[in-house]
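S.K.: One structure is given below, represented as structure tokens, and several questions about it will come after.
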Ligand code: 5GP
Ligand code: MN
Ligand code: MN
């Protein structure tokens, strides 16, 4: 891929701005990136010109064995995503706070939501946090209204649903805290959750890349400790090998790195396996400030083979 000299000079200018933005404590408003609509090109461009997605800026993190003792004064987060109504065989590890980053069903059918909620009820964690993903069609009210207008053209299996079956589908989740562009503080950690992702075949919570998604990310408070989204940010655990594409969101990356700077960013959506350093799916990475976790339980064949990812954070000091 070739870039013009003026593009490279523009990237260098942006790099020095980015470096000043990411100095500790400095946070800036994020604007739509000029490469926003082409994430694969954006990845290549910012990697060639800024080394933004490779050491020393980025490192892989080995997932922690589930039997690692938790240090005193820490909270253990158990992260999982993309279980797609296939929870029966999943072994859940010890921990304090459970986080599910969306796609817990195939179509968001109330029967699936009830089954998922029953499974949540069997889990021993003090706190359970759940967000929706693109498969939770019924959680996206605008999507359902459009689907009815199109006579369920894309999703015939949802046509059996009557509006009264899904109007209050969130209320079926009685065994967790459900976040949808909202936050909760637990054990002193500020946790924010959001289900949106870049448009892909017209599923739930799809939005075009650029300003529409940035408007959602702009709702994330500055001091969020743990961010939970369904989709990955650009360049982190977002590689789809069969398409040779990066599919993460550029505006989410800039929001995470330049403004919010959470300690932990949990997501899923991309089920692909880890292949090489530059082409990972399920797993963990860090940029030194934020640890990124793609916790997709399901593989690309929708088999729930990937273990939940555990992560310890020191408890915030209460003054
Ligand atoms: P899901 O349907 O569970 O949301 O996503 C399952 C798979 O669809 C992913 O593992 C990935 O292979 C593919 N996928 C999801 N979103 C995108 C996207 O935006 N672009 C591409 N190329 N593939 C995607
Ligand atoms: Mn999924
Ligand atoms: Mn998904």
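Residue numbers (the UniProt record's numbering): 1 to 319.
Glycine included, every Cβ here is placed at the ideal spot set by N, Cα and C.
Quick caveat, the model's predicted, so the values are computed rather than measured.
1) Quick one: does the C-beta of residue 135 sit closer than 8 Å to a heavy atom of ligand 3?
2) Tell whether a beta-carbon distance below 9 Å holds between residue 30 and residue 259.
3) For ligand 4, I want to know if residue 200 counts as a neighbour, meaning its beta carbon is within less than 8 Å of at least one of the ligand's heavy atoms.
4) May I have the straight-line CA-CA distance separating residue 83 from residue 109, to the nearest angstrom?
5) Residue 199 to residue 306, Cα distance in whole Å?
6) Hey, could you find the ends of the beta strand (DSSP E) residue 75 is sitting in?
7) Using 10 angstroms around the beta-carbon of residue 43, count the other beta-carbons present and answer buried if the total reaches 16, otherwise exposed.
8) Quick check: what's the CA-CA separation for residue 313 versus residue 159?
9) Tell me, please, whether the region 96-104 touches the region 223-237 by the rule of three or more beta-carbon pairs shorter than 8 Å.
10) Report the three-state DSSP secondary structure of residue 103 (helix, strand or coil).
11) Give me the Cα-Cα distance between residue 54 and residue 289, rounded to the nearest whole angstrom.
12) Could you check the C-alpha separation between residue 98 and residue 146 for me, to the nearest Å?
13) Under 8 Å: do the region 247-266 and the region 67-76 share three or more Cβ pairs, one atom per stretch?
14) Comparing alpha-carbon positions, which option in 256, 66, 216 and 193 lies nearest residue 178?
15) CA-CA distance, residue 114 and residue 164?
16) Less than 8 Å separating the Cβ of residue 119 from some heavy atom of ligand 3?
17) Please give the ranges of any alpha helix (DSSP H) in the region 116-204, keeping only runs that are unbroken, at least 4 residues long and fully inside the region.
M.R.: Walking through what the data contain:
1) At least one heavy atom of ligand 3 lies closer than 8 Å to the C-beta of residue 135.
2) Contact flag set, yes.
3) Of the ligands one can find in the structure shown, namely ligand 1, ligand 2 and ligand 3, none is ligand 4.
4) Per the coordinates, the alpha-carbon of residue 83 lies some 14 Å from the alpha-carbon of residue 109.
5) Spanning the two alpha carbons is a distance of roughly 25 Å.
6) Segment 74-80, the beta strand (DSSP E) holding residue 75.
7) Buried, since its Cβ has 16 or more Cβ neighbours within 10 Å.
8) Rounded to whole angstroms, residue 313 to residue 159 spans 44 Å at the Cα level.
9) Touching, yes, given that three or more Cβ pairs across the two stretches are closer than 8 Å.
10) Residue 103: coil per DSSP, three-state reduction.
11) The straight-line gap from Cα to Cα measures roughly 15 Å.
12) Roughly 33 Å separates the two Cα atoms.
13) Note that the region 247-266 does not touch the region 67-76; fewer than 3 beta-carbon pairs, one per stretch, sit closer than 8 Å.
14) Comparing alpha-carbon positions, the option among 256, 66, 216 and 193 lying closest to residue 178 turns out to be 193.
15) Taking the straight line from one Cα to the other gives about 15 Å.
16) Remark: the C-beta of residue 119 is outside contact range of ligand 3, defined as less than 8 Å to any heavy atom.
17) Counting only runs of 4 or more, we get 141-149 and 163-166.
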